[in-house]
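In this note's numbering, the protein residues as written are -10 to 266.
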């Protein structure tokens, strides 16, 4: 068993083109925004569009990612309503998972409580699973360390429906130097010890354009950033993540995906490797 590789991909040109590009790249999993990520406006998909997506990706692990504007730590009415709407839209597309950033608030304790409350509100009304993503730690963002994520998780009522999405670039940018020997293993063991052995549900497999501890969230192409091939090889070949999907969110969406897929596959150990599609 090995990780499944895929990308966050654009839906702007329609689901037919999305599926063709997905197959061309040799993807095994997918992440999308279910609407314009820079707008509060709702997206209403036509029935025929919903059917195209469901038919094309029925056997593929697909993850929705909450758009940029909702801030779950602020948790104003529009933030929570947008969260609910995007989760419901994901379900209409047949997507069972939504990845969320924990948001930002100057009062961290209040922000942590509001994230938990926002997730609990969603879980009461929408039959979807939530993946909490670790942050790079810029500004007042929440979730750059295990302590903050654990405080959110302990207030979640339906814990079996909430997992963790580990972003490799964000870990590094937040000051966890997974380039050093043993640091990735120590971090992962700490996650499982504090939150449970099955808590990790997804990898965001990204290199970093910024230095370790920069707290600046800038992704870069696989093996060409400040993290580099050695650290990423260690992550992608860890037996504890072999049943997960690894989503790449590299710059220039669509422009460099083939090269990034090629590099990612080249990191797999010989016994786990597979040919390019």
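Using N, Cα and C, we set each Cβ at its ideal position, and we do this for glycine too. Computed from a predicted structure; not experimentally measured.
Residue i - DSSP class collapsed to helix/strand/coil
i, result
"residue 208", "strand"
"residue 237", "strand"
"residue 64", "coil"
"residue 0", "coil"
"residue 231", "coil"
"residue 85", "coil"
"residue 19", "strand"
"residue 155", "strand"
"residue 148", "helix"
"residue 258", "coil"
"residue 49", "coil"
"residue -7", "strand"
"residue 75", "helix"
"residue 264", "Any answer about residue 264 is weak, because its pLDDT of 45 lies below 50 and its placement is not dependable; what the coordinates show is given next. Of the three classes helix, strand and coil, the one that applies to residue 264 here is coil, per DSSP."
Residue burial classification, residue i (beta-carbon count within 10 angstroms, cutoff 16)
i, result
"residue -10", "exposed"
"residue 131", "buried"
"residue 57", "exposed"
"residue 59", "buried"
"residue 143", "exposed"
"residue 12", "exposed"
"residue 345", "The requested residue 345 is not part of the displayed model; the chain covers only -10 to 266."
"residue 51", "buried"
"residue 258", "exposed"
"residue 89", "buried"
"residue 129", "exposed"
"residue 255", "exposed"
"residue 252", "buried"
Boundaries (first-last residue) of the alpha helix (DSSP H) holding residue i
i, result
"residue 38", "36 to 46"
"residue 108", "97 to 114"
"residue 143", "135 to 143"
"residue 248", "246 to 255"
Boundaries (first-last residue) of the beta strand (DSSP E) holding residue i
i, result
"residue 55", "Per DSSP, residue 55 belongs to no beta strand (DSSP E) and is neither H nor E."
"residue 94", "Looking at the DSSP string, residue 94 is not in any beta strand (DSSP E), and its letter there is neither H nor E."
"residue 122", "118 to 122"
Presumed contact (8 Å Cβ cut-off) between residue i and residue j, rounded CB distance
i, j, result
"residue 126", "residue 163", "4 Å"
"residue 209", "residue 198", "4 Å"
"residue 154", "residue 120", "4 Å"
"residue 123", "residue 156", "6 Å"
"residue 152", "residue 189", "7 Å"
"residue -8", "residue 231", "6 Å"
Runs of alpha helix (DSSP H) lying entirely within the stretch 159 to 225, each at least 4 residues, in chain order: 172 to 184, 217 to 225
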